[in-house]
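Number of protein chains: 2
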Amino acid sequence: MKKENQRKESLGEVIDQILNLLGKHKLVDGLVDKQDIPKQKLIKNLVNKQNLNTLMRLLNDLHPADIADILESLPIDERLIVWDLVKSESDGEILVEVSDAVRETLIADMDNTELLAAAEQLDTDEIADIAAHLPKNVLQDLLESLDVQNRERLQSTLSYKENTVGALMDYDVVPIREDISLEVVLRYLRKLGKLPDHTDKLFVVDREGSILGVLPLKKIIVNELDLKVRDIMSSDAVLFKPNDEADQASDAFERYDLVTAPVVNDENKLIGRLSVNAVVDYIREEAESDKLSMVGLREEEDLFSSIWKSVQNRWAWLAINIVTALLASRVIGAFEGSIEKVVALAALMPIVAGIGGNSGNQTTTMIVRGLALGQVSFSNLQRLMQKELGVALLNGVLWGGVLGIFAYLLYGNIKLGFVMTAAMILNLLLSAIMGVMIPLVMNRFGKDPAVGSSVLITAMTDSGGFFIFLGLATIVLI
Amino acid sequence: MKKENQRKESLGEVIDQILNLLGKHKLVDGLVDKQDIPKQKLIKNLVNKQNLNTLMRLLNDLHPADIADILESLPIDERLIVWDLVKSESDGEILVEVSDAVRETLIADMDNTELLAAAEQLDTDEIADIAAHLPKNVLQDLLESLDVQNRERLQSTLSYKENTVGALMDYDVVPIREDISLEVVLRYLRKLGKLPDHTDKLFVVDREGSILGVLPLKKIIVNELDLKVRDIMSSDAVLFKPNDEADQASDAFERYDLVTAPVVNDENKLIGRLSVNAVVDYIREEAESDKLSMVGLREEEDLFSSIWKSVQNRWAWLAINIVTALLASRVIGAFEGSIEKVVALAALMPIVAGIGGNSGNQTTTMIVRGLALGQVSFSNLQRLMQKELGVALLNGVLWGGVLGIFAYLLYGNIKLGFVMTAAMILNLLLSAIMGVMIPLVMNRFGKDPAVGSSVLITAMTDSGGFFIFLGLATIVLI
Numbered sequence: 012m013k014k015e016n017q018r019k020e021s022l023g024e025v026i027d028q029i030l031n032l033l034g035k036h037k038l039v040d041g042l043v044d045k046q047d048i049p050k051q052k053l054i055k056n057l058v059n060k061q062n063l064n065t066l067m068r069l070l071n072d073l074h075p076a077d078i079a080d081i082l083e084s085l086p087i088d089e090r091l092i093v094w095d096l097v098k099s100e101s102d103g104e105i106l107v108e109v110s111d112a113v114r115e116t117l118i119a120d121m122d123n124t125e126l127l128a129a130a131e132q133l134d135t136d137e138i139a140d141i142a143a144h145l146p147k148n149v150l151q152d153l154l155e156s157l158d159v160q161n162r163e164r165l166q167s168t169l170s171y172k173e174n175t176v177g178a179l180m181d182y183d184v185v186p187i188r189e190d191i192s193l194e195v196v197l198r199y200l201r202k203l204g205k206l207p208d209h210t211d212k213l214f215v216v217d218r219e220g221s222i223l224g225v226l227p228l229k230k231i232i233v234n235e236l237d238l239k240v241r242d243i244m245s246s247d248a249v250l251f252k253p254n255d256e257a258d259q260a261s262d263a264f265e266r267y268d269l270v271t272a273p274v275v276n277d278e279n280k281l282i283g284r285l286s287v288n289a290v291v292d293y294i295r296e297e298a299e300s301d302k303l304s305m306v307g308l309r310e311e312e313d314l315f316s317s318i319w320k321s322v323q324n325r326w327a328w329l330a331i332n333i334v335t336a337l338l339a340s341r342v343i344g345a346f347e348g349s350i351e352k353v354v355a356l357a358a359l360m361p362i363v364a365g366i367g368g369n370s371g372n373q374t375t376t377m378i379v380r381g382l383a384l385g386q387v388s389f390s391n392l393q394r395l396m397q398k399e400l401g402v403a404l405l406n407g408v409l410w411g412g413v414l415g416i417f418a419y420l421l422y423g424n425i426k427l428g429f430v431m432t433a434a435m436i437l438n439l440l441l442s443a444i445m446g447v448m449i450p451l452v453m454n455r456f457g458k459d460p461a462v463g464s465s466v467l468i469t470a471m472t473d474s475g476g477f478f479i480f481l482g483l484a485t486i487v488l489i
Numbered sequence: 012m013k014k015e016n017q018r019k020e021s022l023g024e025v026i027d028q029i030l031n032l033l034g035k036h037k038l039v040d041g042l043v044d045k046q047d048i049p050k051q052k053l054i055k056n057l058v059n060k061q062n063l064n065t066l067m068r069l070l071n072d073l074h075p076a077d078i079a080d081i082l083e084s085l086p087i088d089e090r091l092i093v094w095d096l097v098k099s100e101s102d103g104e105i106l107v108e109v110s111d112a113v114r115e116t117l118i119a120d121m122d123n124t125e126l127l128a129a130a131e132q133l134d135t136d137e138i139a140d141i142a143a144h145l146p147k148n149v150l151q152d153l154l155e156s157l158d159v160q161n162r163e164r165l166q167s168t169l170s171y172k173e174n175t176v177g178a179l180m181d182y183d184v185v186p187i188r189e190d191i192s193l194e195v196v197l198r199y200l201r202k203l204g205k206l207p208d209h210t211d212k213l214f215v216v217d218r219e220g221s222i223l224g225v226l227p228l229k230k231i232i233v234n235e236l237d238l239k240v241r242d243i244m245s246s247d248a249v250l251f252k253p254n255d256e257a258d259q260a261s262d263a264f265e266r267y268d269l270v271t272a273p274v275v276n277d278e279n280k281l282i283g284r285l286s287v288n289a290v291v292d293y294i295r296e297e298a299e300s301d302k303l304s305m306v307g308l309r310e311e312e313d314l315f316s317s318i319w320k321s322v323q324n325r326w327a328w329l330a331i332n333i334v335t336a337l338l339a340s341r342v343i344g345a346f347e348g349s350i351e352k353v354v355a356l357a358a359l360m361p362i363v364a365g366i367g368g369n370s371g372n373q374t375t376t377m378i379v380r381g382l383a384l385g386q387v388s389f390s391n392l393q394r395l396m397q398k399e400l401g402v403a404l405l406n407g408v409l410w411g412g413v414l415g416i417f418a419y420l421l422y423g424n425i426k427l428g429f430v431m432t433a434a435m436i437l438n439l440l441l442s443a444i445m446g447v448m449i450p451l452v453m454n455r456f457g458k459d460p461a462v463g464s465s466v467l468i469t470a471m472t473d474s475g476g477f478f479i480f481l482g483l484a485t486i487v488l489i
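In order, the protein sequence lines correspond to chains X and V.
Residue numbers 12 to 489, in the working numbering, belong to the letters of the first sequence in order.
Residue numbers 12 to 489, in the working numbering, belong to the letters of the second sequence in order.
Here is the structure:
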């Protein structure tokens, strides 16, 4: 039996071994290229072949998901050498497992015949996952090579929007009728010989293919064989439609501990199923892309993407931040006269702005989470606002007080200390209001509040903080 | 059959209805308290009772997970009214489903008898989930009320560290022997009458309870009944040990599309199982707590926590940020003489610091993700650093150039423009180095790089950015 921790360690070791073997391979290449003697060429070929053979044996023992992992960890040159070695019956599956960015680099390395062969190993729902990266003519050839049912399935899967149940579902359903006995069901299943992965229930349909209920395998096993399907099926199972949002579906999987669930069309006809492995993949990918999008990164960048590609991936967020930084800079510019008179203001103003930004981001994170869990609505807005304003006031008095004393001790100016404290309190209150309102308003307008909130909050609390602090200072000190 | 989208809408509606009913309840309370006439008291009681009855009927139709969701969405007063109404056979399950913060408020509202009754409805692994919030004497009484096997299980579950397989596993295993026929297996299962949730496979053990393999239910169903267990069991299934990290286990579940997997002790004896629903819950909670911890929030705060509790939850991060802001402020303080001479520096310096922070956070996010996926190690550090430095240089030349021109146009000082561009390039290079190194070093020292990286990066790029910009300006301009 395979111990999980052993596997993990060995995967790290395998990557090291691969890098080692590839290192030798390159070293030999380099050595021999310098001194072009036929005999050494022979040696080079032998050594290389030996290394690559060892490598190939190593790779052939691995699960496609593990190979995908290794490909992700390798810089592009090494990645393509390894990819050439594993190209085989499992390369379709590997293409499904790798990230979008890595898939592009692998597909770019394959010709159309290889791609077609790889894609033909896959199920319809898997083909759909990689279809966006296939060249148009390969996809066309592929569609033509499928039978009518699978072609229709592929076309409809491709037509569903990302992050819907339709895009995640597969077609591995086992439909049965309600009026047969368990004995007949068992006989039918034995004739089938095998069941799709994750099958924990069969789907009960009528003559027209409309769903009537579900029959868990467990129930088939523990019940008497002369019972009819209709006697023991559950008719209140959770159903999905292809256009349901994947977020809602994954909530339901978590909430009701589902393994599979039927997907039906508007006429209640069974068209496919959603399984927990698709849901787990979705949850993981969402969590990843949430983290990336918080700093303006998209998924298309892998660790070893080219510099130019990475710059493209990151520039939009930097551009937005430069615009907001310029705005804040112009706010400061308006008070240059005051700063010239009391230069301490220049040293103190980033503190006010910075802490406001941090506090606002804490508030926003709470609200975004509440929105995602469906706990925040306009009906409890007042309560939330009261709480956040209270927190901001307390923090403002506390930390603003500390910083006021600090400013007084440092510059020996009691009025400066007062301005510091007051500005901290006011900017924290501003950050609380913005921290609550910005995600709510974004959500109202159908935008994802997780993505842009942080930039907007920081823009507000920077410009606002500079304005409040320098404005107060100008009134009180100048 | 239940449509998922219908359910979701109706949950929102239910919350609105509840708030509405609770609103009426309070309104009547308020009205009648003002004019203390016996007859109106009677009316008050009637109206109240009617509202609460409607509410109770509403709640009794819901799944415990849905009630948990509603409790999370309600401010504390309303939450406790609703909690009083649902207290019943399902309150144990509800306590398991709610977040830690909300659980505390609910448990504080229950007496020991109620708590004991609620906990006694639960499985051992569920009791373990809420044990940390139970009063000591309740936990003691609970331990005494359990039979020997369950008491030992509870004690060992409680002894496993958080985020290990042991803390997530349950004890719902169905062990069988390898030398019996499928017919005997089926007869045995029929006698059992029901199988635990999520059972997709039985665990095959020898006389000593050591694991030999797993037998998927699917295989029992599709194979001939005279076959022996040993003929069709898989003996290379993925196994876990209680001290394996939950992260690795959830990776394996995702990678190998598992539904359940056996957990064994060091002597290879079967002690429990890990199921996909525990893994899904874990992945979701981890994703949540990652997001929260990035802004220094812990999970213990719910949306309606008291102001004081929220301040406690958030203060540490603010305190750290204040320290780093003070450091940056002292860097500026050291250049007050230069700022006094060229006040434009005060307006431009936050741009350099801010963009450096943004760019550094993008780099760190990529590296943290790579670390989590096992793709970053010291062996490919050089490549990563080269790439990030390349990105930083390109961004620096590009955006630094734009900002240099902007500074020149605004202040008519070509040297100032040059200082701006040079400082941007240098600070972006600094942010790239720090963005790669900080998470790697944190990881090396066994710290979670997702948590503190952002604060450290920002501290470096703020202080560093001010120093580089003001230092260059002092050399070139003053």
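Beta carbons: idealized from backbone N, C-alpha and C, even for Gly.
What are the boundary residues of the beta strand (DSSP E) that includes valine 387 of chain V? Note, valine 387 of chain V: premise wrong, no beta strand (DSSP E); not H, not E.
Going along the chain, which unbroken runs of the beta strand (DSSP E) with 3 or more residues stay wholly within the stretch 214-243 of chain X? 222-227
Counting only runs that start and end within the stretch 53-88 of chain V, where is the alpha helix (DSSP H) found for 4 or more residues in a row? 75-84
Opposing strand residues paired with phenylalanine 251 of chain X [DSSP bridges]: X/Val274
Under a Cβ-count criterion, where at least 16 other Cβ atoms within 10 Å of its own Cβ denotes burial, should arginine 90 of chain V be classed as buried or exposed? buried
Nearest residue (CA-CA) to proline 207 of chain X, options X/Ala289, X/Glu219, X/Val184, X/Gly367: X/Val184
Could you check whether the Cβ of proline 86 of chain V sits closer than 7 Å to any Cβ belonging to chain X? yes
Provide the residue(s) that pair with glycine 283 of chain X in DSSP beta bridges, ordered along the chain. Bridge partners of glycine 283 of chain X: X/Val274.
Would you report the Cα separation of alanine 470 of chain X and threonine 376 of chain X, rounded to the nearest angstrom? 16 Å
Interface flag, arginine 455 of chain V vs chain X, CB-CB below 7 Å: no
Which class does glutamate 499 of chain X belong to by DSSP, given the choice of helix, strand or coil? Beyond the ends of chain X as shown, which are 12 and 489, falls residue 499 of chain X; an answer cannot be given.
Lysine 205 of chain V versus chain X: which residues are under 8 Å apart at the beta carbon? Lys229, Val233
For tyrosine 422 of chain X, the first and last residue of its enclosing alpha helix (DSSP H): 392-422
If you check the beta carbons only, do leucine 308 of chain X and glutamine 373 of chain V fall under 7 Å apart? yes
Checking contacts by CB at 7 Å: is aspartate 47 of chain X closer than that to chain V? Per-residue confidence for aspartate 47 of chain X stands at a pLDDT of 46, beneath the threshold of 50, marking its modelled position as unreliable; no derived number is given.
Find the nearest neighbour of tyrosine 267 of chain V within the set X/Thr135, X/Leu405, X/Glu104, X/Leu66, judged by alpha-carbon distance. X/Glu104
Indicate whether the contact test is met: 3 or more Cβ pairs, each with one atom in the stretch 327-339 of chain V and one in the stretch 310-328 of chain X, closer than 8 Å. Short answer: they don't touch.
Proline 460 of chain X at chain V interface by Cβ criterion, 7 Å: no
Beta-bridge partners of proline 186 of chain V, as assigned by DSSP: V/Phe214
With C-beta atoms as the reference, is isoleucine 350 of chain X less than 7 Å away from serine 340 of chain V? Going by beta carbons, isoleucine 350 of chain X and serine 340 of chain V fall outside the 7 Å limit.
Among V/Ala119, V/Leu70, V/Leu285, which has the Cα closest to the Cα of valine 93 of chain V? For the residues V/Ala119, V/Leu70, V/Leu285, the minimum Cα distance to valine 93 of chain V belongs to V/Leu70.
Three-state secondary structure (DSSP) at serine 110 of chain V? If DSSP states are grouped into helix, strand and coil, serine 110 of chain V belongs with coil.
Outcome for glycine 504 of chain X when other beta-carbon atoms lying within 10 angstroms are tallied against a minimum of 16: There is no way to answer for residue 504 of chain X, as the model of chain X reaches only from 12 to 489.
Would a check of beta-carbon distances place arginine 266 of chain X closer than 7 Å to chain V? yes
Under 9 Å between beta-carbons, which chain V residues line up against phenylalanine 429 of chain X? List them in chain order, please. Ordered by position in chain V, no residue passes the 9 Å Cβ test against phenylalanine 429 of chain X, which lies about 18 Å from the chain.
Beta-carbon proximity check, threonine 271 of chain V vs serine 286 of chain V, cutoff 7 Å: yes
Throw me the rounded Cβ distance for the tryptophan 410 of chain X and leucine 329 of chain V pair, which I believe falls under 8 Å. 6 Å
Between which two residues does the alpha helix (DSSP H) harbouring glycine 475 of chain X extend? 460-488
Within the 7 Å Cβ cut-off, does leucine 42 of chain X reach chain V? With a pLDDT of only 45 at leucine 42 of chain X, under the threshold of 50, the placement of this residue in the model should not be trusted, and no figure is reported.
Keeping to the same chain, check which residues put their C-beta closer than 7 Å to that of glutamate 115 of chain X; ignore five residues upstream and five downstream. His144
Would you call the stretch 227-234 of chain X in contact with the stretch 208-216 of chain X, where contact means no fewer than 3 C-beta pairs closer than 8 Å? yes
Could you check whether valine 275 of chain V and leucine 250 of chain V sit closer than 7 Å to each other, using their CB atoms as the reference points? yes
Using a Cβ-Cβ cutoff of less than 6 Å, which residues in the same chain neighbour methionine 67 of chain V once the five nearest sequence positions on both sides are dropped? The answer, listed in chain order, is Leu96.
Local conformation of serine 192 of chain V per DSSP, three classes: strand
Kindly indicate which three-state DSSP category aspartate 292 of chain X falls into: helix, strand or coil? helix
Could you tell me the distance, in whole angstroms, from the CA atom of alanine 484 of chain V to the CA atom of tyrosine 419 of chain X? 28 Å
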